[in-house]
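Heads up: the sequence shown begins at 17 in this note's numbering, then just goes up one per residue.
The beta-carbon is built from N, C-alpha and C at its ideal position, and this holds for glycine as well.
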Amino acid sequence: MEEARSADGTTITYDVWGSGPLVVIVGGAFNDRNTWAELAQEFAAQGFRAASYDRRGRGDSGDSRPYAVEAEIEDIAAVIEAAGSEGPVFAHGVSSGGALVLRALDAGVSVTRASILEVPYRIE
17 MEEARSADGT TITYDVWGSG PLVVIVGGAF NDRNTWAELA QEFAAQGFRA ASYDRRGRGD
77 SGDSRPYAVE AEIEDIAAVI EAAGSEGPVF AHGVSSGGAL VLRALDAGVS VTRASILEVP
137 YRIE
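Take a look at the structure:
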């Protein structure tokens, strides 16, 4: 387990495997870093440096009040900075984690490419 420090001082814990371009895995609301460990290890086997982290308020990560989506975007940036990369940075988001990845891209977080799965948006 490693730690990143978010902009507001919150400690964000993550595990990282492999070397090469970084892939940050952003899990859903009910996930922790262990949920996506197997996927991260597969990325590592394919030549990536893969990080799976505990979103704030989950697992071993800290939390702050009041909740703000912007703080979770800062957490993604903090994990990217702390985990390091040999080349471009990628992100994979699942469910509400996918929504956070989209928001991070919109905010200008340095992610070259992203994949998103099952974002809980409702379109009428």
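Query raised in the report: Do VAL85 and ILE96 come within 8 angstroms of each other at the CB atom, strictly closer than that value?
Result: Within the sequence shown, residue 96 is the residue found at index 80, counting from 1. Within the sequence shown, residue 85 is the residue found at index 69, counting from 1. It is not a contact, given that the beta carbons lie outside the stated cut-off.
Query raised in the report: Who pairs with SER131 in a beta bridge, going by DSSP?
Result: On the sequence shown, residue 131 is found 115 positions in, with the first residue counted as 1. HIS108, per the DSSP bridge assignment.
Query raised in the report: Around the C-beta of PHE59, are 16 or more other C-beta atoms found within 10 angstroms, so that it is buried, or is it exposed?
Result: Position 43 of the sequence shown, counted from the first residue, corresponds to residue 59. It counts as buried.
Query raised in the report: Per DSSP, SER68 forms a beta bridge with which residues?
Result: Along the sequence shown, one-based indexing puts residue 68 at 52. Partner(s): ASP31, ILE41.
Query raised in the report: Nearest-angstrom Cα distance between GLY63 and VAL42?
Result: As a working mapping, residue 63 is identified with position 47 in the sequence shown. As a working mapping, residue 42 is identified with position 26 in the sequence shown. Going by the C-alpha atoms only, they are around 19 angstroms apart.
Requested in this report: State the start and end residues of the unbroken alpha helix (DSSP H) segment that holds ALA99.
Outcome: Taking the sequence shown and counting its residues from 1, the one referred to as residue 99 is at position 83. Residues 85-99.
Query - Coil, strand or helix - LEU20 by DSSP - result: Working through the sequence shown from its first residue, we reach residue 20 at position 4. Checking the sequence, you will find Ala at residue 20 rather than Leu. Here ALA20 sits in strand by DSSP.
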